[in-house]
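full-length UniProt numbering numbers the first residue of the sequence shown as 1 and each following residue consecutively.
Below is one structure; the comments refer to it alone.
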Amino acid sequence: MNISRHNNIRAALFAASAFGALGLAQAAAAQDAAAPAETAAAPQDSETADIVVTGIRASLESATNAKKNAVAFGDSIFAEDIGKLPATNLAETLNRMPGVRLTRDISGEGTQVSIRGLGPSFSKVLLNGSQFQVASDGGTNGGQGSNRQVDLDFFPSELFTRLDLAKSPSPSTLEGGIAGTVNLRNARPFDKPGTHLTVVAQGQYTDANDKIGPRGAIVASHTTDTFGILVGVAGVKAKTRVKGFETVGWTDGNLGAGDPGGNNFSWASVVPNNAGHGLVAGQPVDVVATSGLTRSQLSTALLPRLGRESLTDGTRSRISALASLEWRPSDELHFALDGMWAKSKRDYSKVNMNWQVRNSGPGTGAQATGGMIPIDLTVDDNNVVTSGTFANSSFFLEASLFDQSTTFWNVNPSLTWQPSDTVKIDASVNYSKSHFSREQPTFAFQTTPQSGVDVYYDNSGSGDYPSITTNIDLNDPNNGSWQWYRQNITMLKRKTETKGAHIDGTFGDDLFNVKIGGAYDQATRSIRAYDNSPAYQLSVCGAGCTGATGTVPTSAIAQYLNSSSAAGFIVPDFDALKNVTNYASFLASAPETRGAVTGGATGDIDEKVWGAYFELNGVTTIAGRDLHINAGMRYAHTDQKVTGPSQVGTAIIDITANKKYENFLPAINLTYDVTDNLKLRASASRTMTRPDAGLILPGITFSDPSALVANAGNPDLKPYTSDNYDLGGEFYTGGIGYVGLSFFMKNVQGFTVTRQEQVAFGSLNIPFDSLISTQQDALRNRAALTGTAIDALPITVSRPVNLSDLKIKGIEATWVQPLDFLVKGLGFSANGTRLKQSSSSGLFAEGIPKYGYNLQGFYEDHGLSVSVNYVWTGKSVAGNGPQNGITGADLIAEARGQLDTSIGYQLPFFNKALRLTVDVLNITDEPLVTNFEYKNAPYSVYYPGRTVLAGIRASF
């Protein structure tokens, strides 16, 4: 049989596989409609581009060569020591890749990655090819870890040697990521045979806190002819101090029945005591007249709900340990055992001085303000208030402690057996476990209502956020104005567990092979919240929190408050308050509640997945040039069990829902060698992501302090499915240089939208006494204002449903170019992404910027290496409207660029074993800004500051 005949047979087999796979998917469409589809692909060794980081130029040369030989769309970073990049964790490292965007913590550190426009929950993250979960809660502020995303700031770059990103799937990779699949591969001894010791010691300085913290790693390895061992440990302890401004949204005031807008507060109807400005206490007041606006303007005039300066101050520590064993008794048989353990702690305080707009108004409680009187307001074309005076205002200090701890460990045995040149078996099992806990007490103190407090408000655009000043000293504990507002005592516990077993068999050679395999994976997640706030508050400040009785009466408050030059306003003595109020006892006896303090749903999720696939790989010839093909089908069957706490009378009862679904996921990847230097690529696939883990929990969460909105889960949510198409190619100019361009499209079905309905508070079956005091006061005051019984007050219930289709189109461009003709060792790398989205609902997928790019200039010669990197991300929708009841108001994450640099110098002595390093992050001191629809309506502004890491790396 001649070669041409071989090629024809292979071509026929590939065509049959591709069309058969796609046809099978269509035949399974009815099943997929009842149970959507899933796919994610972790790159295979022959399918993705490798970047070997042994120096800047070496990394780019390896990237170019590997990309030239790849079949699927994807990128990899392959490093002897990834720590050479200006990256503090794996998320920051992945951010160098085209199409990758970071979710950043308020400290500026990258935590999660988004790929090709879809959020972190649409990406599958694997560890050594196996799934895992970390129970952490999404960074400093929390609340971003209830879904399937992984906090990558938990993992130090020093203990990993390879990061793979697959943008187009292959059938052999675990399903679950519509956006893409990231595979983290830890260091192993045979990555670098022999005996080696690497020590990294750095100091980490951030100008926002003017403190230096230690950062370091030690990695040691030894191999013989058949056995290898590697152990490593990496740790960091960093001081965090972030100043910022927050509003928790914007809203308008209630002028009476039928008033449009958010109505999160009520204006004064009669003049309160001590209002000043010539107003007579007890007399009716026409706030439209005092405001200087028309009634229609005032009824929708937007103000920050809680305009507040904020200070987050504390420490974050992390220690990680790795042990890896390899045994290679023969060339045919290899064993590996990888184990990783990590622990992270965050201990910090967050203090906010709130201008109390939300919930302010006439009322009967001790904290009722009587309502503000607007004087001489101005508004812009969007009806955002730009200036004015607000008589009878109120402030409250909200001071919280956060004691967070996360632990994680994973064990992953694997083997490879290749009894012949045409047979290869890979098998692995994995087990991981993670625990997270957060203890969060809150002490809140309010200026005495109706005590003559004025606010002078200026939002004319002279700064990043409005100027809110007042006629009292908010940094004086003894100004005679402080009373209790509320206390909270809460705890959140999360735990995750994963286990799995995978087997893969490859039969054939490089020209043609068949790959088949099976997988079993189980993932469990538990989120439980505990809250003893009502009992604790009653003990501390008495009934109604009047401060007339309790362990800390109003007369004693001043001794527990201190002035703060860092915050610019008073802060409490947390330890003294905890001691005098018997805090530990109340925390230990805290009962379970239905919602976390972050507002997220609680409950348990158990998913079991059985998977199988077949895959054809090989090369055929068309028009005298090679066509590389990867094609096949993956099948996944999911059993899902969700349990959520629900209130029945005075008891909390768990409600359980079960669901099963299956998905057929075809994929084909093609690369055609037009010439030796020109490659064309194409890919078509179906992928899936399982539904949002936080949204499928049954029950209702009612955590809105304004007591206006409740959130209901939906265990009947179906998975997201996506039909994906990629087309692109590269032209290789020689050496490290190439120019690449790729086009992609994702048609996502089953995208969730939120439906809202009005129900009576009583129908929520939530005992009034179980609410926090802020909610109780809001309901009482609204009932008094409207003459409606509390149980009959309308509550908006938001529930997610699968209604929407989402289409994402994008272009990625890459250019790598040496500039040796100008200066030896000089060069640059650039990549950019342009995205466009549309949906049947008119809503936008959150976190999809229209444009983003990454520019890197480098020089490397004579032992000196310099890399300057600039990453720019365009603005995106951070939260779809309506926000706070304001129609058409989205949360907008504003565009941001970050400039970093990394400098290294190899000392010419000690056999060149020592290298001095300096990394500078966020050189231009860029803030993190999210706006409430309009540029002059900030939702949050944080100033993480610049970070400098300086130290030495020794390799022996």
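Ideal Cβ positions, reconstructed from N, Cα and C, are used throughout, including at glycine.
Distance CB(residue i)-CB(residue j) smaller than 9 Å
i	j	result
residue 319	residue 336	no
residue 918	residue 950	yes
residue 498	residue 131	yes
residue 877	residue 847	yes
residue 403	residue 494	no
residue 593	residue 770	yes
residue 197	residue 956	yes
residue 930	residue 941	yes
residue 232	residue 219	yes
residue 539	residue 478	no
residue 725	residue 684	yes
residue 896	residue 872	yes
Rounded C-alpha distance that separates residue i from residue j
i	j	result
residue 34	residue 801	Model confidence at residue 34 stands at a pLDDT of 38, short of 50, so the residue's coordinates are unreliable and nothing is read from them.
residue 372	residue 360	8 Å
residue 585	residue 645	24 Å
residue 890	residue 934	9 Å
residue 200	residue 234	9 Å
residue 590	residue 530	6 Å
residue 886	residue 253	12 Å
residue 36	residue 415	Unreliable positioning characterises residue 36 in this predicted model, as indicated by a pLDDT of 35, which lies under 50. The coordinate reading is nonetheless provided below. Rounded to the nearest angstrom, the two C-alpha atoms are 33 Å apart.
residue 788	residue 700	23 Å
residue 865	residue 811	31 Å
residue 618	residue 512	4 Å
residue 881	residue 518	43 Å
residue 828	residue 74	20 Å
residue 958	residue 378	This structure does not reach residue 958, given that the chain is present from 1 up to 956, and the question cannot be answered.
residue 85	residue 507	Because residue 85 sits at a pLDDT of 48, beneath the cut-off of 50, its placement in the model cannot be relied upon, and the point is left open.
residue 291	residue 799	38 Å
residue 702	residue 399	22 Å
residue 763	residue 796	12 Å
Assigned secondary structure, residue i (DSSP; H/G/I helix, E/B strand, else coil)
i	result
residue 369	coil
residue 442	strand
residue 124	strand
residue 822	coil
residue 92	helix
residue 751	strand
residue 887	coil
residue 850	coil
residue 554	helix
residue 494	strand
residue 587	helix
residue 293	coil
residue 743	strand
residue 878	strand
residue 707	coil
residue 912	helix
8 Å contact criterion, which residue i and residue j should meet: CB distance rounded
i	j	result
residue 392	residue 369	7 Å
residue 727	residue 693	Not confirmed; about 33 Å, so no contact.
residue 356	residue 395	6 Å
residue 180	residue 104	Contact flag wrong, Cβ pair sits at about 19 Å.
residue 524	residue 606	5 Å
For residue i, the first and last residue of its enclosing alpha helix (DSSP H)
i	result
residue 776	773-786
residue 57	56-69
residue 575	574-580
residue 208	Taken as a continuous stretch (DSSP letters only), residue 208 belongs to no alpha helix (DSSP H), as it is neither H nor E.
residue 357	Per DSSP, residue 357 belongs to no alpha helix (DSSP H) and is neither H nor E.
Residue i beta carbon near the ligand NAP (any heavy atom closer than 8 Å)
i	result
residue 243	By its list of ligands, the structure shown contains no ligand whatsoever, and the ligand NAP lies outside what it can speak to.
Endpoints, the beta strand (DSSP E) within which residue i is located
i	result
residue 612	603-622
residue 101	100-104
residue 682	678-689
residue 535	Careful: residue 535 lies outside any beta strand (DSSP E), inside the alpha helix (DSSP H) at 533-541.
residue 934	That residue, residue 934, is in no beta strand (DSSP E); it is neither H nor E in DSSP.
residue 450	No beta strand (DSSP E) holds residue 450; DSSP gives it neither H nor E.
residue 731	720-734
residue 238	227-246
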